[in-house]
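**Q** First the structure, which I've put down as structure tokens, then a few questions once you've had a look.
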Amino acid sequence: MNTIGIDHNLDRLRIMKLLTIGLAASIMTGTGDFLLGYAENTAGGSVGLSAMASAPNLSEWQMIAGGLLGLIGIFLEGLSFFAIYRLMADASPRYAHIYRAGIFGYIWLAPIGCHMNVGVLNLACKYLLQADAKLAAKAADLFFFGFSLPVYVLLILFWLPMRIIQFKAFDKGFTPYPKKAKWFCVLLGAIPALLLALIIGPDTALGAGIGMMFLSFGNAFMFAGLLCTMPDQKRFDEFEKHLLITKEV
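Going by my numbering, the sequence shown wraps up at 297, each residue one higher than the last.
Below, the structure written as structure tokens:
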């Protein structure tokens, strides 16, 4: 078992800083997501164009700014997940090992492979639609199925185990947090954004923008919840002491 990063020193202040960076990064990413989605959905006719339905109505600055904000924000989110990794590392190295693999996959695939290629595909579709709608549909399908979809699937294979491991680690008491902190999870936090987007209307500019932000909502909910409920230093010390006693026995 690779134990890099498991140094038996739960640094509460460092974990708090990482969670704070994660919250700020989630807001940054959410802003980028909103910019990439904030336009009426009018394109369609193929799977690729349907996925980029707002492309004709997005301005160039929205696509560039949205892509760059998300690129930086998602990378910082990935680094901030090490706060959660550190919380569980001493109590359950096996869980931490799986979680860390997910972090590496997230940092590798999410910023450029998933977020930036949305901006690139939107930009390409916008100009191709002006030249030739049939060519735009063919190119969008090829790009979506040949490049975007495989990356999304691969990312899910890294990301989903992270979410499961995090929930189980908090539920089993492998962190200094109370077990109820397991509910500060990305998926639970993403639900309100999806519901709000559906209520407003997914084809409207505001609804599409909010819908694009759903995972950023989830990340912000998770980081904010863990920050607000972070145990004090005394609890961290007690948790470390309990781990030492357990290992000695």
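Don't be surprised by glycine CBs; every beta carbon is placed ideally from N, CA and C.
Here the structure is a predicted model, which means the values were calculated and not measured.
1. My understanding is that Phe215 touches Leu71, with C-beta atoms under 8 Å, so please give their C-beta distance in whole angstroms.
2. Taking the straight line between their C-alpha atoms, what separation do you get for Arg142 and Met210?
3. Leaving aside the five residues before and after Leu119 along the sequence, list all residues of the same chain whose C-beta is less than 7 Å from its C-beta, in chain order.
4. Can you list the alpha helix (DSSP H) stretches of 4 or more residues lying completely in the stretch 142–194, in chain order?
5. Of the residues Cys233, Leu169, Ile122 and Ala87, which one's Cα is nearest the Cα of Gly266?
6. Can you tell me whether Phe222 is helix, strand or coil according to DSSP?
7. Give the DSSP-derived three-state secondary structure of Thr77 in the structure shown.
8. Determine the burial state of Gly53: buried for a count of at least 16 other Cβ atoms within 10 Å of its Cβ, exposed for fewer.
9. So, with DSSP's three-state summary, where would you put Glu286?
10. Using 10 angstroms around the beta-carbon of Val297, count the other beta-carbons present and answer buried if the total reaches 16, otherwise exposed.
11. If you compare alpha carbons, which of Ala103, Ala179, Phe218 and Tyr154 is closest to Ser128?
12. Under a three-way DSSP split, which group does Thr277 fall into?
13. For the stretch 105–113 against the stretch 177–197, do three or more pairs of beta-carbon atoms, one drawn from each stretch, fall closer than 8 Å, so that the two count as touching?
14. Would you tell me roughly how many angstroms separate the C-alpha atoms of Leu84 and Pro279, rounded to the nearest one?
15. Near Arg148, what residues of its chain come up, given a Cβ to Cβ distance below 6 Å and the 5 sequence neighbours on each side ignored?
16. Do Ser264 and Ser102 have their C-beta atoms within less than 9 Å of each other?
17. Taking just the CA atoms, how far does Phe152 sit from Ala137?
18. CB Phe222 to CB Ala87, shorter than 9 Å?
19. Check each candidate in Pro224, Ile239 and Ile146 and name the one with the smallest Cα separation from Leu274.
20. Rounded to the nearest angstrom, what separates Met49 and Gly115 at their Cα positions?
21. Starting from Ser107, trace the alpha helix (DSSP H) in both directions and tell me its first and last residue.
**A** Walking through what the data contain:
1. 19 Å between Cβ atoms; not a contact.
2. 12 Å
3. Pro159, Ile160, His163 and Met164.
4. 165–179 and 181–191
5. Cys233
6. coil
7. helix
8. Legend: pLDDT at Gly53 = 49, less than 50; position of this residue unreliable, value from coordinates given subsequently. The residue is exposed, with fewer than 16 neighbouring Cβ atoms inside 10 Å.
9. helix
10. Residue confidence is low: Val297 scores 45 on pLDDT, short of 50, so the model does not pin down where it sits. Its coordinate-derived value is still stated next. Exposed: under 16 other Cβ atoms inside 10 Å.
11. Ranking Ala103, Ala179, Phe218 and Tyr154 by Cα distance to Ser128 puts Tyr154 first.
12. Three-state result, Thr277: coil.
13. Judged by Cβ distances under 8 Å, the stretch 105–113 makes no contact with the stretch 177–197, as fewer than three pairs qualify.
14. The alpha-carbon separation between Leu84 and Pro279 amounts to approximately 37 Å.
15. These residues qualify, in order along the chain: Tyr133.
16. no
17. 16 Å
18. no
19. Pro224
20. Residue confidence is low: Met49 scores 49 on pLDDT, short of 50, so the model does not pin down where it sits. Its coordinate-derived value is still stated next. Roughly 37 Å between the two C-alpha positions.
21. Looking at the DSSP string, Ser107 is not in any alpha helix (DSSP H), and its letter there is neither H nor E.
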